[in-house]
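Under the numbering used here, the first residue of the sequence shown carries the number 81, and numbering increases by one thereafter. By construction, the Cβ of each residue, glycine as well, lies at the ideal position given by its N, Cα and C atoms. Note that the structure is predicted; figures quoted are calculated from it, not measured.
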Amino acid sequence: MLIGRAAEFAELKAALARAAGHGAGAVLVSGDAGVGKTHLVSALVRAARDDGYAVLVGQCAELGESVPYLPLADALWTAAHAGAPGSDAVRAALDARPVLGRLLPDSGAEPGSVTELGQQQLFGAVLGLLEELGRERPVLLVLEDLHWADRSTRHLLTFLCRVLQRERVCLVGTYRSDDLHRRHPLRPVVAELLRLPNVTGVAVAPFGPRETAEYLAELSRGGVPVTADVVERVHRRSEGNAFYAAELYSAGVDVPGGEPAGLPAGLADLLLSRMERLSDAGQRVVRVAAVAGRRIDDELARRVSGLDEAAVGEALREVVSHQLLVPSGTGYTFRHALLREAVYADLLPGERTRLHADFARLLADLPDGTRGSAAELAHHSLAAHDLPAAFAASVRAGREAGRLGAPDEAFGHYERALELWDAVPDPEAAAGMPRVRLSLLAAKESVRAGEPRRAAHRLRRLLAEADPADLRLGSEIREHLAACLGEIDEDDEAQATARDAVTMLAGDPAAPERAWALATYARTLLFRDPDGEMPEFAEKAVAEARAAGVPGAEAALLVTLGLWRESREADSGVAEVFARARDLADAADTPQAAPVAVRARFHYTRTMFDRGDLAGAARAADEGARFVLDEGLRWSGAGIIMRSLRYLIRYTTGDWAGAQRIADEFAVQVVRPAEAQISAYALFVEVAQAAPRADERLRWIEPLWGEDLFLNFLARGLAAEHALWRGDPHAGAGHVANVLGTVYAEGDGAIRLAATGLWAQAEIASRARAAGDEEAVRAAAEAADALLDRARTVSAVTTDGLPRAWLGLEMHAWLARAEAERRRVDGVHDVDLWRKATDLFTYGDPHGGFVYEVARSRWRLAEALAEHGDRDAAAAEWRAAVATAERLGAEPLLAALRDLGARARLGSAAGAPAPGPSGPLGALTGREREVLKLVADGLGNREIAARLFISPKTASVHVSNILAKLNVASRTQAAAVAHREGLG
């Protein structure tokens, strides 16, 4: 039963209920060691199982950073074990995801090859497994003792807390708050996660005196009742810690006459007093279990303890009956980690060393590739002072961690091996490689762990350590160093280092290392090419890589060459270049080629999108999305970019339902710029539909857009449109001005921004003109000139000052929109310019193209045609725009079209406002009410005529009729009536 934990349990149960209703979330349960975290979570596990949840429970162990993903593997193995509830579903989900199967000790799966995307693949597989299980029933995933979590597990915890949004998953983690000293690696993770809106913290506090009394009464059930004096002494000594209270009570604090003679003064003695009641065999089994470090089974206990099978069985029954060990799956664990710590600390140094050596011998006899064996062998060998065995096992453990997508742990194992290098005989033979190669492996894992600066530091040292005569090694080190330097924005050194990597293998053109060096150097030339080496350099490098038989490097070079040609040449065949790169990278099937395959797919899709082949782009985006999903890269950087592009394609083609399905995975409540970037894409549809979620999304994004220039560009551009649709052109102009004050003023995306800014200036000028504020009109015109100049410049010149040879169809259309909006700033609705913008947005397909922007352009075209008296043509454009706006649910555009339809007498759209009520205005016709509203807004006859597409004389007649019907003498009095009746 639970005592004193009603509020905490209710919060955990509420999280479970939210998960069942597609409100995924996480709860971090904290408290001192022994305070009752596990007891609380165990009650939650029982409740979840009773309610039909799929339950997965895994525990961390005090093995340092050696075994990656230990609690995940524990949870999966236990849940998939025959006889566990729902084991068939878990096993089926694991079988569909081999990258997870490799985590299990009994999987028999081939480890596979290390890839730079391994961790992303594993994370994606975990998310996919939880989603699949959650489709059948809600899922509870419990990760206990996170204060001992390895770094990869901490990364996984962060990933799941960030991406779980609408899945039917509840994640619960426990950790000791008293262990989280200032430099503890979990401390910043917890601080970061508790900022997330879907993560809550539950702190388990010590018992008060009343709860201690209830607890002891429960412990004594069936025995002698607990007295108030015993309760007071136990509570005082335990300070409300449930585990300590139970141990004190069990140690005999309830004997008559006060505290018993010999009551242990220290906690360790108190805990060990439980073990002293065991037989010698039972005590030996407990000591063996303490050295094992986590779960131990009957066979391990027998082989290490030296007892025969019958003796071990009897000893285990005794230990379990005394509640020191408890059954867990197919083995046993300590009832509380504090017990294990106390037993381990009590071992004599020689005894501890011998037991570790026994475990090391057992692990050394396991088959190669057994999950986790190398890491545990290294751990036990090091504790047994067997440095040669620890060294060899550390190298093996590094390889195993790398294959499992745990680069942090792989780096740690290689670091340990390097530290032991000089302390073991013939380390090169034991490692199977020279020291410099092992150090290079450590650097590569550091890059995969997202630490390019740390890797660059090591690679610089390696340049001095490597044999100058080994040119291939020297080139490989420099190529990796150049890539790292590029990632940390040290571009000049990156390019010089890549050039050296190429040059030093000039006499060995068939070397694979040279092919990759060529690819890295060519990529640096995309951004800095002072000697004009491109494209000839890349073309020659492609031929060299092909001749050397390195398709991955050839693919990387083709991507670079395609990007160069696209930006500087009107090359209509650039999509085929990216397609060739994609096929080559797929065929290469090597770790280095995997990221190239994703890059090639993205640019292949984007190129077709930019050239107006929307059907082809949609197919390519779907294939690219399938690829990243199949590879487990859904939440990798490449996967996010591909899914964002897939969203934009559907938004462009008018498949807003499909776009919204994709955007459902884009979190609204974001706290980091990277999350906010993908969230901002959802604003395209939400702003266009005036969805309430747009406001909420912008509220979360706004505090972050100052931290990331791309986010600032994307989100502020859409925030500007949001403000304009809401009638706030000054706010819209402010957003545009902010973005155009950054580097994004130089890219072609500035053309759309300039057109949005010109829309804002046209509205500002119109209002100023109506108010007779000529100074404001002139200011708007000057701002508009600068915006149009920016759009024209960007369309003609690249960022490096060269003539732009090619511009995408969408940007041509936005430039035409900018030209038309500039004329509107002067009060001119230019039919030809708006027709040009409309036509360009169709991409040559009258029924396709950029569907929403065609409708928006038709809105303005209809307005211009009506002003020029071509009412039939205006009505045709208006009806087409209305049909699109209604189909898309584009409410702001539809409202603008309704207004235009009423003013220009073009027709009525669905949902148009009903005629006004009776009263003082009841005698007015619909047109007269429209005129009166404009009179109330302060417009003169000429402005009214322009707004309603009538002549000034007709406007004057309407005003005269209004004054007569309202029985007022002036326009001012008529305006007052209008305001009083809610028309103005």
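* To do: Keeping to the same chain, check which residues put their C-beta closer than 6 Å to that of Ala896; ignore five residues upstream and five downstream.
  => For Ala896, where only same-chain residues beyond five positions count, the Cβ hits under 6 Å are Lys916, Ala917 and Leu920.
* With 16 other CB atoms within 10 Å as the buried threshold, where does Val475 fall? -> Of the other Cβ atoms in all chains shown, 16 or more fall within 10 Å of the Cβ of Val475; this residue is therefore buried.
* Asked: Taking the alpha-carbon positions, what's the Ile758 to Glu247 distance?
  -> 18 Å
* To do: To the nearest angstrom, report how far apart Ile831 and Leu973 are at their CA atoms.
  => Ile831 and Leu973 have their alpha carbons spaced roughly 21 Å apart.
* Taking the CB atoms as reference points, tell me whether Gly166 and Asp154 lie closer together than 8 Å. => no
* In the segment 658-704, which residue ranges form an unbroken alpha helix (DSSP H) of at least 4 residues, counting only runs that do not cross its ends? -> 673-690
* By DSSP, does Ile83 sit in helix, in strand, or in coil? -> coil
* Would you kindly check if the distance between the Cβ of Leu641 and the Cβ of Glu619 is under 8 Å? => yes
* **Complete runs of the beta strand (DSSP E) confined to the segment 259-330 [at least 3 residues]** => 279-283
* **Contact under 8 Å by Cβ, Ile376 with Tyr412** => Going by C-beta atoms, Ile376 is nearer than 8 Å to Tyr412.
* Cβ neighbours of Thr238 in the same chain (closer than 8 Å, five flanking residues each side left out) -> Val269, Glu272 and Leu273
* **Range of the contiguous alpha helix (DSSP H) that encloses Arg538** => Pro532 to Glu545
* **DSSP three-state assignment for Ser408, whether helix, strand or coil** => strand
* When you compare only the Cα positions, how much space is there between Asp744 and Pro305? -> One alpha carbon belongs to Asp744, the other to Pro305, and they sit about 58 Å apart.
* Asked: Is it true that the segment 924-931 meets the segment 858-867, where meeting means three or more beta-carbon pairs spaced less than 8 Å apart?
  -> no
* Asked: Name the DSSP beta bridge partners of Gln139, please?
  -> Glu224
* What's the call for Met81, buried or exposed, on a 16-neighbour Cβ count within 10 Å? -> That one is exposed.
* Can you say whether Ser359 is buried or exposed, counting buried as having 16 or more other CB atoms within 10 angstroms of its CB? => exposed
* One or two residues paired with Tyr727 in a DSSP bridge -> According to DSSP, which records beta bridges pairwise, Tyr727 is partnered with nothing at all.
* Please determine, among Ala473, Leu418, Ser461 and Gly530, the residue with the shortest C-alpha to C-alpha distance to Arg231. => Nearest neighbour of Arg231 by Cα position, chosen from Ala473, Leu418, Ser461 and Gly530, turns out to be Gly530.
* Which word fits Val194, buried or exposed, when buried means at least 16 other C-beta atoms lie within 10 angstroms of its C-beta? -> Caution applies to Val194, whose pLDDT of 39 falls short of 50 and renders its modelled position unreliable; the model cannot decide the point.
* To do: Mark Leu428 as exposed unless 16 or more other C-beta atoms lie within 10 angstroms of its C-beta, in which case mark it buried.
  => exposed
* To do: Give the range of the beta strand (DSSP E) segment to which Ala106 is assigned.
  => Gly105 to Gly111
* Closest to Glu649 by CA distance: which of Asp663, Ala628, Pro615 and Val622 is it? -> For Glu649, the closest of Asp663, Ala628, Pro615 and Val622 by C-alpha to C-alpha distance is Pro615.
* Asked: Opposite Ala134 in the DSSP bridges: which residues?
  -> Val219
* Asked: Where do the N-terminal and C-terminal ends of the alpha helix (DSSP H) with Gly1067 fall, by residue?
  -> Residue 1067 lies beyond the residue range present for the chain, which begins at 81 and ends at 1064; the question has no answer from this structure.
* To do: With distances taken Cα to Cα, identify the nearest neighbour of Asp488 among Val109, Ser1040 and Ser146.
  => Ser146
* Give me the Cα-Cα distance between Arg432 and Leu418, rounded to the nearest whole angstrom. => 18 Å
* Asked: Once you ignore the five residues that flank Leu794 on each side, which residues in its own chain have a CB closer than 6 Å to its CB?
  -> Ala760
* Can you name, in chain order, every residue of its own chain whose Cβ lies under 8 Å from the Cβ of Tyr731, other than the five neighbours on each side? -> Ala739, Phe764, Val765 and Tyr932
* contact_flag[the segment 294-314, the segment 117-131] where n(CB pairs < 8 Å) is 3 or more -> no
* Asked: From Arg741, Leu96, Gly253 and Ala141, pick the residue whose C-alpha is nearest to that of Gly132; which is it?
  -> Cα-wise, what sits closest to Gly132 is Leu96.
* Return helix, strand or coil for Gly342, following the three-state DSSP convention. => Bear in mind that a pLDDT of 38 at Gly342, under 50, signals an unreliable position, so the number given afterwards is only what the model happens to contain. Of the three classes helix, strand and coil, the one that applies to Gly342 here is coil, per DSSP.
* Sorted by chain position, which residues of the same chain lie with C-beta nearer than 6 Å to Glu224's C-beta, five sequence neighbours on each side aside? -> The beta carbon of Glu224 lies closer than 6 Å to those of Gln139 and Thr254 in the same chain, with the five residues before and after it left out.
* Ser193 by DSSP, collapsed to three states: which one? -> Per-residue confidence for Ser193 stands at a pLDDT of 42, beneath the threshold of 50, marking its modelled position as unreliable; the derived number appears in the next sentence. In this structure, Ser193 counts as coil in the three-state DSSP scheme.
* Residues sharing a beta bridge with Thr413, DSSP -> Val406
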